Amino acid sequence: MTATLSIQGLYRWNSALFELLKVPDGVDRSVAIQSILMECYDLELLYPDWEAMHNGIGVWSTRRLPIWGKLYASTNFDYNPIENYDRFEAWIDDTDRKGSTGSNRKNGTSQSSNTSTTESQHSTTTNRVQGYDGGEWENHDQSMAEAETSANSETLLAHQGWDDYEESRKDAEHNSRSGRTHGNIGVTTTQQMIAQERDIVDYDIYSVIVNDFVDVFCIGVY
């Protein structure tokens, strides 16, 4: 097997071999390239042609990128490794109440009176005299007096009134509650969860990329 038939040989011949390689955000691209070169050093390539490998790596990594992205994201989940139950609930209660009260009253009084008085007085005075020699009384002079008095009065009393009353009311009530229940519900022991956490910690996204590369581009014979 000549050197150019290996991934190391093609890379040394032209280091732009992996320029089309795509990796998920957060994954170090140079570490992925060096991992492939190191772990596939002695493996023979299925396509021992630089141009074929150059383009093939671009197509292959583009297809696998969504899968690698999901796998890598799973290593960054925030959780408690010794809990297997975590539930969060939130309740919101909104109440609106509207109301109005009012009254309209009208009251009034009206009173009117009219009084008219007229008085008339007539008098006649006659003076009589008697001669020196006696005899009958004779009218000497006469005077007449006449008086008339009138009075007129009018009284008017009026009153009107209005009473207006109105009241409006609006009440709003907002209650927000939340609760969280978490812990171990007993289906798995804490020791078992610790052992599973160790397996998760041992997970390596770069090993996944290298193994995918071997499956597609290498002949698995040392």
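Just so we're aligned, residue 1208 is where the sequence shown starts under this note's numbering, counting upward by one.
Cβ atoms here follow ideal geometry from the backbone N, Cα and C, with glycine treated the same way.
All values reported here derive from a predicted model rather than from experimental measurement.
Have a look at residue i and residue j and give me their C-alpha separation to the nearest angstrom.
i     : j     : result
E1374 : W1298 : 33 angstroms
L1217 : R1387 : 57 angstroms
C1247 : G1276 : 23 angstroms
D1256 : H1389 : 56 angstroms
S1242 : V1415 : 11 angstroms
I1407 : T1282 : 8 angstroms
N1262 : A1402 : 42 angstroms
N1221 : V1266 : 19 angstroms
T1269 : E1380 : 54 angstroms
With which residues is residue i paired in a DSSP beta bridge?
i     : result
F1295 : R1387
H1381 : D1301
C1425 : L1252
S1213 : E1251
Taking 8 angstroms as the CB-CB limit, is residue i close to chain C?
i     : result
D1378 : In summary, chain C is missing from the structure at hand, where a single protein chain is found.
Tell me whether the beta-carbon of residue i lies closer than 8 angstroms to the beta-carbon of residue j.
i     : j     : result
L1212 : F1424 : no
N1382 : D1300 : yes
V1421 : L1250 : yes
E1296 : S1385 : yes
Report the CB separation of residue i from residue j in whole angstroms; it is logged as a contact under 8 angstroms.
i     : j     : result
L1224 : M1260 : 6 angstroms
L1244 : I1214 : 6 angstroms
D1419 : R1271 : 6 angstroms
V1238 : Y1413 : 6 angstroms
- Could you tell me whether the segment 1230-1245 touches the segment 1266-1286, where touching means 3 or more Cβ pairs closer than 8 angstroms? Touching, yes, given that three or more Cβ pairs across the two stretches are closer than 8 angstroms.
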